[in-house]
Amino acid sequence: MKKIISILFIAVYLVSCSTVPITGRKRMNFVSDSQVLPMSFAQYKGFLAKNKLSTNARMTNEVKSVGARISKAVDKFMRANGMKAEADRYRWEFNLVEDKQLNAWCMPGGKVVFYTGIMPVCDNVNGIAAVMGHEVAHAFAKHGQERMSSAQIQQLGGLAVALGTMKKDPKTAQMWNMAYGVGSKLGMLAYSRTHETEADKLGMVFMIMAGYDPKEAVNVWIRMSQMTKGANKPPEFLSTHPSNQRRIQTLRAFLPEAKRLAEKYNRSK
Ligand SMILES: [Zn+2]
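Residue numbers for the sequence shown follow the numbering used here, so the first one is 3 and each next one is one higher.
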């Protein structure tokens with residue numbers, strides 16, 4: 003009996019284990035695109051209906067045009083690296099929402115929101131590209147799905163089941179927001195540091211592929227440090243992220259490798 007159980011375990015593990023492209027990290031993902039994408043598109047639409055879009059036309063256009071260029075780079079990478087079917091399923095969209103939070107996120111299938119609160123941290127188009135690259139990288143690497151696949155979230159009631167039936171209850175919405183970093187529930191995530199470092203690296207490759215200045219990724223985190231210093235309490239998501247200092251070091255050290263990779267992927271047809 004024990005043997006059968008362990009064989010079953012290995013089988014489930016092999017089926018649901020895959021590798022993150024570019025970084026090569028092994029990940030668990032029990033949730034398929036066909037389950038996640040309809041939910042993602044519905045949640046995104048619902049979020050936009052409930053929140054106010056920014057009326058700042060200049061900033062909105064910057065977010066949309068940077069998003070278009072970054073997504074083109076990601077699309078190019080996917081099509082050149084055996085991910086054509088996945089690329090076809092993306093429905094890229096970029097919106098700037100009126101909200102003081104220092105946050106931005108990307109749901110599966112390329113649904114991006116920037117909050118106006120993060121725009122001073124971005125400061126310029128290269129800064130927007132750094133944050134955009136990072137958020138898109140979370141979606142590209144399927145970090146949210148991995149979070150859903152974690153035992154922690156499974157115990158909360160099985161989001162995968164809810165996804166399959168498109169159940170729309172408050173609990174499902176809460177788990178969804180936790181997995182994708184909408185709102186401030188990010189503090190509960192177990193995978194945070196690994197995911198953040200991975201998104202920093204992938205994001206840097208994508209922003210270089212799209213023709214932006216990668217040094218600005220470092221400056222974004224320097225500004226983030228300065229702008230959150232002296233605040234009574236740092237935003238909740240910052241406390242689970244790697245420290246800004248560590249992040250800046252990692253990004254600086256990764257820069258030559260990111261340039262090499264971006265050049266290689268931009269050459270591929
Ligand atoms: Zn992140």
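Glycine included, every Cβ here is placed at the ideal spot set by N, Cα and C.
Per DSSP, the unbroken beta strand (DSSP E) holding L98 starts and ends at 95 to 99. The C-beta distance from P110 to L204 rounds to 15 Å, too long to fall under 8 Å, and the pair is not in contact. Annotation: K78 to V65 spans about 20 Å, alpha carbon to alpha carbon. Excluding its 5 nearest sequence neighbours in each direction, N31 has C-beta neighbours in its own chain below 7 Å: S18, S20, K144, Q147, E148, S151, listed in chain order.
Here DSSP, grouped into helix, strand and coil, assigns K113 to strand. Of the residues I24, K261, C108, V133, the one whose Cα lies closest to the Cα of F43 is C108. A Cβ-Cβ contact shorter than 9 Å links N128 with K217. Between the stretch 112 to 128 and the stretch 217 to 227, the count of Cβ pairs shorter than 8 Å is three or higher; the stretches touch. Secondary structure note for T174: it is in no beta strand (DSSP E), and the uninterrupted alpha helix (DSSP H) holding it is 172 to 182. In this structure, L98 lies away from M229, with their beta-carbon atoms at least 9 Å apart.
The Cβ atoms of V68 and I130 sit closer than 9 Å to each other.
Excluding five sequence positions before and after A175, the CB atoms of its chain that fall closer than 8 Å to its own CB belong to Q45, given in chain order. When beta bridges are read from the DSSP output, T21 appears opposite K28.
Secondary structure of L204 (DSSP, three-state): helix.
Contact between F208 and G135 holds, with the beta-carbon distance rounding to 4 Å and staying under 8 Å.
Less than 9 Å divides the Cβ of P23 from the Cβ of M85. Taking 8 Å as the cut-off, one finds at least one heavy atom of ligand 1 near enough to the beta carbon of G183.
Apart from the 5 residues on each side of it in sequence, G213 sits with its Cβ closer than 8 Å to the Cβ of R71 in its chain, given in chain order. Residue pairing by DSSP places L253 opposite no residue, since no beta bridge is assigned to it.
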